[in-house]
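The next block holds one structure in the form of structure tokens; read it before the comments.
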Amino acid sequence: MEKDIPAKLLAPYNPTETESRIYKMWEESGFFNPDVCVEKGVTAPDAPTYSIVMPPPNVTGVLHMGHALMLTVQDIFIRYKRMNGFRTLWIPGTDHAAIATQSKVEKDIQKKEGKTRHDLGREEMLRRIEIFAQESHDAIASQIRVMGSSCDWTRETFTLDEPRTLAVRTMFKKMYDDGLIYRGHRIVNWDPKGQTTISDDEIVYEARKSVLYTFKYSKDFPIAISTTRPETKVGDVAVAVHPEDERYTQYIGKEYDVVFCGVPLHIKIIADNAVEKDFGTGALGVTPAHSIIDWEMSERHNLPQPQVINEYAKMTVGGEDLLGKKVNEAREVIVQWLRNEGLLENEKETDQNVATAERTGGIIEPLPKLQWFINVNKPIPERNNKTLKELMRAPVADGQIKIIPDYFGKTYFHWIDNLKDWCISRQIWYGHRIPVWYRGDEIYTGINAPEGADWTQDADTLDTWFSSALWTFSTLGWPNNTKDLELYHPTDMLETGYEILFFWVARMILMTEYALGTIPFKNIYLHGTVRDSKGQKMSKSLGNGIDPLDIAEKYGSDAGRMALIVGTAPGTDSKVSEDKIKGYKNFANKIWNITRFILTSAPTYTDTAPLTDLDQAHYSAWQDTARDITKNIENYQLHLASDSIYHYLWDTFASTLIEDSKPILSGTDTAAQQSRARLLNQILRESIIVLHPFMPFVTEELWALLPARPESLSGGNNKQLLCVTRWPYQA
RNA sequence: GCGCGGUUAGCUCAGUUGGUAGAGCGCGUCAUUGACGUUGACGAUGUCGGGGGUUCGAAUCCCUCACCGCGCACCA
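Okay, so the first sequence: first residue is 1 according to my numbering, each after it adds one.
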């Protein structure tokens, strides 16, 4: 039976033309929705489930190669599991990314219109942000499709949509009622640039050179102190020394009144173990309101906590030489005053880590403020009196949750051990508004505003990671008892970058253990950072980023996917270059030509033709390779699996088998011809299936071009789409 | 200061229970008008960061040192 060769196969493979058409076809098939798969009979109704909730990209812009890697890894597992008959669900979504999005829009407005958010007002500002977020969302959703992601768009979610708002408010109330969320006047990380508090994890330390000044408050003060921030010293209430420092024991307990740069101070000498004898003079000026450890000391010693710097990082005390000055100007004034008074004993250059805000770059001013916190150390009766800290530690420690690669477990525990209460309130407008209302002395917490007049809602919003922390179950319908929640939770895998292990992964475990008493996911697959060919992080400012859309346009998404996966072990950073991507574009064309050759040179054969011993050996070798690939996927070794299928197809199948076949196929031994024709067709079919999770587009296209065959044969029949065709091998 | 990674060919990186070193790109020689615009064959290049140990045998396990990257803490 002579087959007609599809005309398309005679030209080189054209990924751009193919990919958008194929994605549309997949979407119309409905097969990315597990319910449709069951309905259409491609998945058994009682099949085991496999679920991933997509880490929602921030609606701050467009996707970069890091997102492309994340989508590729998840899509490979999802497609693999779907092809293995699992009831497979991958939920897509986006994140409102509160601070990041608001500051992006604020910057744009400042640049274009010269206005601040306060000029616009809360309502108008939010309207502007929502327009931006919507546009950004649309771009992202289209990019996710371009990458070939087989996610279920009918279940798409957004961290700020209505069902998620219900989840957030329900959780807030539950934690408030359990005494885990509290409001407290505490020293927090204040970002003067973003005009908001931030959590400890949103701080980035920058190493800088700084000057350490050593001086006395006044001529008759007995002890010299050292500081890099003389301007804060107008807020000092004590000098702390180590209890066993003989130089100072005689002064402990004494109190002094001094006038420091025009500001009267009352200084008590205290002893505290937190002071290091060997640093500076071994004596520390205690500034409770503007230093975290000083605040803690002041709590221990019952000291006053006067604030001398405001939210705009300006001085609030002193004469006209100080009052209203920015902190670094005030520093100069005070240093000059110390020099004039002859109080400055020493200035020395020193290394300093300056705390800056991750999103805005603003220098953090520790300030005492009234904020909302989550208590991570309070025993929870309904969880066997375990604390949130213990709840988030346990499932990783006892292996219920597996981290890949496992050495990140240590980093995880180390972080938990240093964890303090989580500050969750933010003074920004975009985000989940805190569901607390006030009327005089009354406080109300609930899903909706309380009945009655004169209630005012708390002006703050929640840290964006609060809503993200509920992600695995809020996306499945919680707090409602949905069928999805029952079927797909706990999810099977969380695939994300190691840089958000603390921000996100840990907090998801915390919230899920607390609210549901279970784990959010069974496995955490951590990918590394995607870098450019020189090893630099891709970033807008460096201009070295590669846009996944450009790659799709130039080389096809299949090629981009392979370039990201091959050689990228879990947890390790990877480098991608256009050369590498180009190599996999060539590979797509190679398979295209392999198919062309087989369909033109070995088109006639019977499926029952006996295989020669040699061909049987070739087939066994392929089967071994396929089982190996299967095993590697099961073991999360995608870099090995993708490399094997690539080398098998190019070096073994094309360069050896096909080359050797030429004389056989054009020879006169019909038995050998039949055997070889059958072998080539069989391996081609099976290898297209095995390659599909990695390069879904070109394989789906080729699958449709293969001649039809009986369903009973290994490798399936191609009347059905490849994406729901059964995987041929077990590990 | 504590912890976690890394160090393998010119470049970028694999190497899953220890068994005489691998890939891609690049480089060299030859072939090929071809199933392949994007081909094939052959080849060169490594004391697997240094030192020590365990072992019949170490890139792989242990100790130690050096350098690079990262996290946490300190940051008066």
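The beta-carbon is built from N, C-alpha and C at its ideal position, and this holds for glycine as well.
Worksheet entry | Residue of Val258, Tyr312, Met297 and Thr88 minimising C-alpha distance to Lys219 | Val258
Fill in: Where the alpha helix (DSSP H) through Trp437 begins and ends
Counting along the chain, Trp437 falls outside any alpha helix (DSSP H), though it belongs to the beta strand (DSSP E) covering Val436 to Arg439.
Worksheet item: Nearest to Glu206 by CA position, among Phe597, Ser601, Ile363 and Asn302, is which residue?
Response: Ile363
Worksheet item: When burial is assigned at 16 or more other CB atoms within 10 Å of the CB, is Leu680 buried or exposed?
Response: buried
Discussion item. What does the alpha-carbon distance come out to for the pair Ala506 and Tyr412?
Written reply: 8 Å
Worksheet entry | Secondary structure of Asn84, DSSP reduced to three states | coil
Practice prompt. Give the single residue among His64, Met493, Leu212 and Lys554 whose Cα lies nearest to the Cα of Val53.
Written response: Met493
Worksheet item: Measuring CA to CA, which of Val308, Thr612 and Leu284 is closest to Leu323?
Response: Val308
Discussion item. Measuring straight from C-alpha to C-alpha, what distance separates Leu367 and Ser298?
Written reply: Answer to the nearest angstrom: the Cα atoms are 14 Å apart.
Worksheet item: What separation, rounded to the nearest whole angstrom, lies between the Cα atoms of Asn586 and Leu470?
Response: 43 Å
Worksheet item: Is the Cβ-Cβ distance between Ile500 and Gln102 less than 8 Å?
Response: no
Worksheet item: Would you say Ala552 and Gly560 are within 8 Å of each other, going by their C-beta atoms?
Response: yes
Worksheet item: Where do the ends of the beta strand (DSSP E) carrying Ala355 lie?
Response: Leu344 to Ala357
Worksheet item: Grouping DSSP H, G and I as helix and E and B as strand, with all else coil, what is Gln371?
Response: strand
Practice prompt. Could you work out which residue in Asp177, Arg596 and Ser136 is closest to Ile380 when comparing CA atoms only?
Written response: Asp177
Worksheet item: Does the distance from the C-beta atom of Ile546 to that of Met65 stay below 8 Å?
Response: yes
Worksheet item: What three-state label does DSSP hand Val239 in the structure shown?
Response: Of the three classes helix, strand and coil, the one that applies to Val239 here is strand, per DSSP.
Worksheet entry | Alpha-carbon to alpha-carbon, Thr456 and Pro450 | Annotation: Pro450 to Thr456 spans about 10 Å, alpha carbon to alpha carbon.
Worksheet entry | Separation of Asp294 from Asn189, as counted between CA atoms | Asn189 and Asp294: Cα-Cα distance of roughly 14 Å.
Fill in: Whole runs of the beta strand (DSSP E) within the segment 39-107, excluding any shorter than 3 residues
49-53 and 87-91
Fill in: Test item: CB-CB of Ile594 and Leu684 under 8 Å
yes
Discussion item. Can you find the residues in the same chain that come closer than 7 Å, C-beta to C-beta, to His639, ignoring five residues on each side of it along the sequence?
Written reply: Around His639: Ile565, Val566, Gly567, Thr568 and Ala569.
Worksheet item: Roughly how many whole angstroms lie between the Cα atoms of Glu732 and Asp458?
Response: This structure gives no information on residue 732, because the portion of the chain shown stretches from 1 to 731.
Item to complete: Could you spell out where the alpha helix (DSSP H) holding Lys590 opens and where it closes?
Response: Glu578 to Ser601
Worksheet item: Candidates Ala238, Asp272, Val263 and Glu246: which alpha carbon is nearest Tyr256's?
Response: Ala238
Discussion item. Distance check for Thr608 and Met1, CA to CA, integer angstroms please.
Written reply: Confidence at Met1 is low in this model, with a pLDDT of 33, below 50, so its placement is unreliable and the value that follows should be read with caution. CA-to-CA, the gap between Met1 and Thr608 works out to about 15 Å.
Worksheet item: Between the C-alpha atoms of Leu516 and Glu634, what's the straight-line distance to the nearest angstrom?
Response: 28 Å
Worksheet entry | Buried or exposed by the 16-neighbour rule on C-beta atoms within 10 Å, applied to Lys420 | exposed
Fill in: Exposure label - Asp191; buried when at least 16 CB within 10 Å
Asp191 should be labelled buried.
Item to complete: Go through its chain and collect everything with a Cβ distance to Ala330's Cβ below 7 Å, but skip five positions before and after it.
Response: Glu231, Met315 and Leu322
Worksheet item: What residue does the beta strand (DSSP E) around Val376 start on, and which one ends it?
Response: Careful: Val376 lies outside any beta strand (DSSP E) and carries neither H nor E.
Worksheet item: Can you tell which of Arg79, Asn310 and Leu370 has its C-alpha closest to the C-alpha of Lys193?
Response: Asn310
Worksheet item: Taking C-alpha atoms, which residue in Thr529, Gly667 and Glu513 lies nearest to Glu390?
Response: By alpha-carbon distance to Glu390, the top candidate from Thr529, Gly667 and Glu513 is Glu513.
Worksheet item: Would Thr606 be called buried (16 or more neighbouring beta carbons within 10 Å of its own) or exposed?
Response: Counting of Cβ neighbours within 10 angstroms places Thr606 among the exposed residues, the total staying below 16.
Discussion item. I need the DSSP call for Met1, collapsed to helix, strand or coil.
Written reply: Because Met1 carries a pLDDT of 33, less than 50, the predicted location of this residue cannot be relied on, and the following value inherits that uncertainty. Met1: coil per DSSP, three-state reduction.
Worksheet item: With 16 other CB atoms within 10 Å as the buried threshold, where does Tyr312 fall?
Response: Burial call: exposed.
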